[in-house]
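Protein sequences appear in the order of chains A and B. Residue numbering for the first sequence follows this note's numbering, starting at 46 and increasing by one per position. Residue numbering for the second sequence follows this note's numbering, starting at 46 and increasing by one per position. We put the CB at the ideal spot given by N, CA and C, even for glycine. Predicted, not measured: the structure shown is a model, and the values here were computed from it.
2 protein chains.
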Amino acid sequence: MNLKQLSHMLSLSQTTVSRALNGYPEVSEETRRRVMDAAKRHGYRPNPSARRLATGKSGMIGYVLPTGASVDIDPHFVEFLSGLGDYARAHELDLVLSPADADDEETTYRRIVANRQVDAVYISSPRPADRRLALVNTLGIPFIVHGRSEGLDFDYPYLDIDNEGAFHEAARLLLQLGHKRLALINGNERETFAIHRERGMRRALAASGLTLGERHIRSVTMTEENGYRAARRLLEESDPPTAIVCSSLIMALGVVRAVRDLGLTIPGDLSLVAHDDVFPWLRPENFPVPLSTTRSSIRLAGARVAERLAARISGLEEGARGEVWPVDLVVRGSVAGAPV
Amino acid sequence: MNLKQLSHMLSLSQTTVSRALNGYPEVSEETRRRVMDAAKRHGYRPNPSARRLATGKSGMIGYVLPTGASVDIDPHFVEFLSGLGDYARAHELDLVLSPADADDEETTYRRIVANRQVDAVYISSPRPADRRLALVNTLGIPFIVHGRSEGLDFDYPYLDIDNEGAFHEAARLLLQLGHKRLALINGNERETFAIHRERGMRRALAASGLTLGERHIRSVTMTEENGYRAARRLLEESDPPTAIVCSSLIMALGVVRAVRDLGLTIPGDLSLVAHDDVFPWLRPENFPVPLSTTRSSIRLAGARVAERLAARISGLEEGARGEVWPVDLVVRGSVAGAPV
DNA sequence: AGAGCGTTCCAAAGCGCTTTGGCTGACTTG
DNA sequence: CAAGTCAGCCAAAGCGCTTTGGAACGCTCT
Chain A
46 MNLKQLSHML SLSQTTVSRA LNGYPEVSEE TRRRVMDAAK RHGYRPNPSA RRLATGKSGM
106 IGYVLPTGAS VDIDPHFVEF LSGLGDYARA HELDLVLSPA DADDEETTYR RIVANRQVDA
166 VYISSPRPAD RRLALVNTLG IPFIVHGRSE GLDFDYPYLD IDNEGAFHEA ARLLLQLGHK
226 RLALINGNER ETFAIHRERG MRRALAASGL TLGERHIRSV TMTEENGYRA ARRLLEESDP
286 PTAIVCSSLI MALGVVRAVR DLGLTIPGDL SLVAHDDVFP WLRPENFPVP LSTTRSSIRL
346 AGARVAERLA ARISGLEEGA RGEVWPVDLV VRGSVAGAPV
Chain B
46 MNLKQLSHML SLSQTTVSRA LNGYPEVSEE TRRRVMDAAK RHGYRPNPSA RRLATGKSGM
106 IGYVLPTGAS VDIDPHFVEF LSGLGDYARA HELDLVLSPA DADDEETTYR RIVANRQVDA
166 VYISSPRPAD RRLALVNTLG IPFIVHGRSE GLDFDYPYLD IDNEGAFHEA ARLLLQLGHK
226 RLALINGNER ETFAIHRERG MRRALAASGL TLGERHIRSV TMTEENGYRA ARRLLEESDP
286 PTAIVCSSLI MALGVVRAVR DLGLTIPGDL SLVAHDDVFP WLRPENFPVP LSTTRSSIRL
346 AGARVAERLA ARISGLEEGA RGEVWPVDLV VRGSVAGAPV
């Protein structure tokens, strides 16, 4: 059933039927009802390929997926996706994942924009002066950044959480508990979120006249193993930290293991706070010692990004609005006063 | 730059240019070279929307993503995706994720097929008599199943791992070590992989004249918390198992925690084997006691599925070929002789 | 009554590609 | 030498939608 057949059986022109269906004003209410009715009764659905060719709109949102033999997709991605899917489903939006060589995403962005494959894209894990942002910005495709960049000479729409504030609060709590030697096990230092977290911690320390020594900060990709290694190295130094703030639950698993291996205890010898993106399959309250966390649901962020992308596509949202979500600090058993 | 312009500047018809570019034989080699050359020089890329409308082919592969407020996307998904992306990137295949209500995926399958949104789909986590398989089979879209169904009256192409064999081997090892009371902490019992794993274990036990009591088998979604709960319940019974086989590393985390909470040790009081899908961020050798595993890279499976989908799209693969990968049994410190 | 206007509809021209059906001219073949 | 073959090219007809530029009609207003 296509437009031609439908319009023929209604004795109307394709134009009128098309307009009726798409809510244009130059159709009488009666005709519109008649058309809508017939369309529903015959299960007419406009062919998206044809619509696409005519309008250039695809009804899909895009994501360039960095891949490569040595590139691992972040497990956070799947939670973000859950949220995105929640929203997208209700609006019949599909998501196109365009795999790209992690060393050359630019080509892929150009391709999907030139081909008009998607109506909007989102960008995640931005870095300072991230070239992808400059690119999509000049290419003129609607986009939203999940996270923030820095040092760009233009504004852009984003959704981020208050990483700096979160880690500032975490550090402040530890300082109030008397800790003097804090350490940070962070994510990839080239990504903005890690920079913000470090900044937040430094700011809290500075307020107490302390600093974060180079030796007390580790930037690694977020695996259990890296958490373990980083913690071991920190704890085996001559002046080991009495508190660690850690950028992910997965790394925190490694930290806990390292603490055990060294015969230490949490929170007796070490206080631990980690950032929790709220995974259904790994919860901080279920750690051997319930873990204090800075918490923010990455899934909700996914849903919100989808919502805003949809708004941008339909022209409801414009400009470079940035949105920063506060982060909860949830105190559980893994923090205590500094050992004497 | 479109076909019309290109053909005009070559003083050729659109037909000839199109044929030259798409490798049709009725074009002289010289002309073809000239066309190819000009196309490359001017960076001509056929408009996919137009091609799509004309051919009905989209150059994308699809996946229906079950979503819903209470539906969590499996973290395995992201690893599978990594593999899929690895292959897809090299072939400029994009992946379309169509979010669907988890209770009604059928509508979405029908939609993406009717709309010709994708050239092929893959289906994961199949169940016995899975209606999705019957559906895509009758809809006539090329597809591959990651996993297997059962009790269907037609054959279909799939890629699966030998779950039954893997768990058979794991159980056999434990039996050889003198264990008599084995338990299984399995994934969702409605999915075929879980059924196969249980079957494998039962077969091994039966060969030793033993059985797997209903109380010694738990089917839960794969979270750390569920692993913990299941293990506690098993270990607090009157005749606790001396060995557990577990369907995922994430649940194994919970098992380890439960063992600790109960003041028991691995492998002294309990031997543990888990299935490892090979996540980069959580490795069995890094468990407090290195974990014995049945191992199969889900990432490689993703790449292979993409490869076969591409082959099906281009007509290189046909029929209902099933492919079953063997699974390694990797013995590490978490298994030992049964306690006396 | 005739001009002017808004409403409601339509025919036809795209969008940029693939593919059908032919046409031309050179080359074999009996 | 006429008929047949074949390589190599082309014009035009789709694919199914949106959108442009009217046209027809019934009103109101002077």
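Original post:
In terms of residue numbering, what span does the alpha helix (DSSP H) encompassing Tyr154(B) cover?
Top reply: 150-159
Original post:
Which of helix, strand or coil does DSSP assign to Asp119(A)?
Top reply: coil
Subject >> Amino acids of chain B, ordered along the chain, whose beta-carbon sits closer than 7 Å to that of Ala95(A) >> reply: Leu98
Original post:
If you count every other CB in all the chains shown that lies within 10 Å of the CB of Ser359(B), and 16 or more means buried, which is it?
Top reply: exposed
**OP:** Please name the residue in Val158(A), Ala346(A), Trp326(A), Ile186(A) whose C-alpha comes closest to that of Asp119(B).
**Re:** Trp326(A)
**OP:** Taking the CB atoms as reference points, tell me whether Thr112(A) and Ser342(B) lie closer together than 8 Å.
**Re:** no
**OP:** Look at the alpha carbon of Leu345(A) and the alpha carbon of Ala249(B), and state the distance between them as a whole number of angstroms.
**Re:** 45 Å
**OP:** Give a yes or no on whether the C-beta atoms belonging to Arg377(A) and Ser316(A) are separated by under 8 Å.
**Re:** no
**OP:** Using three-state DSSP, classify Met296(B) as helix, strand or coil.
**Re:** helix
**OP:** Answer yes or no: do Asn271(B) and Met296(B) have a C-beta to C-beta separation smaller than 8 Å?
**Re:** yes
Original post:
In this structure, does DSSP put Met267(A) in helix, strand or coil?
Top reply: coil
**OP:** Just the chain B side, please: which residues come within less than 9 Å of Gln50(A) by C-beta, in chain order?
**Re:** Going along chain B, no residue has its Cβ under 9 Å from Gln50(A), so there is no contact; the nearest lies around 15 Å.
Subject >> Members of the region 129-149 of chain B that neighbour chain A once the beta carbon cut-off is set at 9 Å >> reply: Leu129, Gly130, Asp131, Tyr132, Ala133, Arg134, Ala135, Glu137, Leu138, Asp139, Leu140, Val141, Leu142, Ser143, Pro144, Ala145, Asp146
Subject >> Per DSSP, the bridge partner or partners of Glu368(A) >> reply: Leu204(A)
Original post:
Mapping DSSP to helix, strand and coil, what is Arg340(A)?
Top reply: strand
**OP:** List the DSSP bridge partners of His191(A).
**Re:** Ser169(A), Leu204(A)
Original post:
So is Phe122(A) in contact with chain B if we call contact Cβ pairs under 8 Å?
Top reply: yes
Original post:
Apart from the five residues on each side of it in sequence, which residues of its chain come closer than 8 Å, Cβ to Cβ, to Glu151(A)?
Top reply: Arg176, Arg177, Leu180
Subject >> Unbroken stretches of the beta strand (DSSP E), 3 residues or longer, contained in the region 203-278 of chain A >> reply: 203-206, 227-231, 262-264
Subject >> Partner residues on chain B for Glu270(A), Cβ-Cβ distance less than 7 Å >> reply: Arg328, Asn331
Original post:
Can you pull the DSSP bridge partners for Met105(A)?
Top reply: Asp139(A)
Original post:
What do you reckon, are the CB atoms on Val109(A) and Asp139(B) nearer than 8 Å?
Top reply: no
**OP:** Give the interface partners of Ala159(B) over in chain A, defined as CB-CB distance under 8 Å, in chain order.
**Re:** Arg90
Original post:
Is it a yes or a no for the region 302-322 of chain B touching the region 209-226 of chain B, going by three-plus beta-carbon pairs under 8 Å?
Top reply: yes
Subject >> Continuous beta strand (DSSP E) assignments of at least 3 residues falling wholly in the region 52-115 of chain B >> reply: 105-112
Subject >> Beta carbon proximity, Arg305(B) to chain A, threshold 8 Å >> reply: yes
Original post:
Would you call the CB atoms of Thr266(A) and Asn233(A) closer than 8 Å?
Top reply: yes
Original post:
Can you list, in chain order, the residues of the region 344-367 of chain B whose Cβ is nearer than 7 Å to any Cβ on chain A?
Top reply: none
Original post:
What is the C-beta distance between Gly192(A) and Asp205(A), in whole angstroms, given that I count them as a contact (C-beta under 8 Å)?
Top reply: 5 Å
Subject >> Cβ of Pro312(B) within 8 Å of any chain A Cβ >> reply: no
Original post:
What are the boundary residues of the alpha helix (DSSP H) that Val181(A) is part of?
Top reply: 176-184
Original post:
With burial defined as no fewer than 16 other Cβ atoms inside 10 Å of the residue's Cβ, what is the status of Arg260(A): buried or exposed?
Top reply: exposed
Original post:
Got a sec: is the Cβ-Cβ distance from Leu336(A) to anything in chain B below 8 Å?
Top reply: no
Original post:
Closest to Ala383(B) by CA distance: which of Pro286(B), Leu279(B), Thr256(B), Ser63(B) is it?
Top reply: Pro286(B)
Subject >> Below-8 Å beta-carbon distance, Ser169(A) vs any chain B residue >> reply: no
Subject >> Inter-residue spacing [alpha-carbon to alpha-carbon] between Ala239(A) and Ile168(B) >> reply: 36 Å
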